[in-house]
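Each step along the sequence shown adds one to the number in our numbering, with nothing skipped, and position 43 is 43.
Don't be surprised by glycine CBs; every beta carbon is placed ideally from N, CA and C.
Note that this is a predicted model, so its numbers are computed, not measured.
Presented below is the structure to which this report refers.
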Amino acid sequence: MTTKEQIIQALEQVPEPKLLDVLAFIHSLKRDSLPSPGVRPEVWQAYLDSEREREEVYRRLANS
Numbered sequence: 001m002t003t004k005e006q007i008i009q010a011l012e013q014v015p016e017p018k019l020l021d022v023l024a025f026i027h028s029l030k031r032d033s034l035p036s037p038g039v040r041p042e043v044w045q046a047y048l049d050s051e052r053e054r055e056e057v058y059r060r061l062a063n064s
């Protein structure tokens, strides 16, 4: 079984309300690996740190 198949199988076990958290995590993984062209690494890291600090606030707003 491939890793992708294992992930899909595990997702089928996740309760519906938690799937928003999973989706947010997947988006964060994609954001972490895609800095904008020309952005210095320390600036990108500061941005990511700021987003992580506010992630719970964003999640609560999305769920309200």
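Can you tell me whether DSSP reads residue i as helix, strand or coil?
i      : result
Thr2   : coil
Val22  : helix
Gln106 : Because the chain spans 1 through 64 in this model, residue 106 falls outside it and cannot be assessed.
Measuring CA to CA, which of the options is closest to residue i?
i     : options                    : result
His27 : Val39, Val14, Thr2, Leu48  : Leu48
Val57 : Gln45, Gln9, Pro17, Ala24  : Ala24
Ser64 : Glu53, Glu51, Pro17, Pro41 : Pro17
Using 8 angstroms for Cβ pairs, my map puts residue i next to residue j. What's the rounded Cβ distance?
i     : j     : result
Leu20 : Ala62 : 7 angstroms
Val22 : Leu29 : 11 angstroms between Cβ atoms; not a contact.
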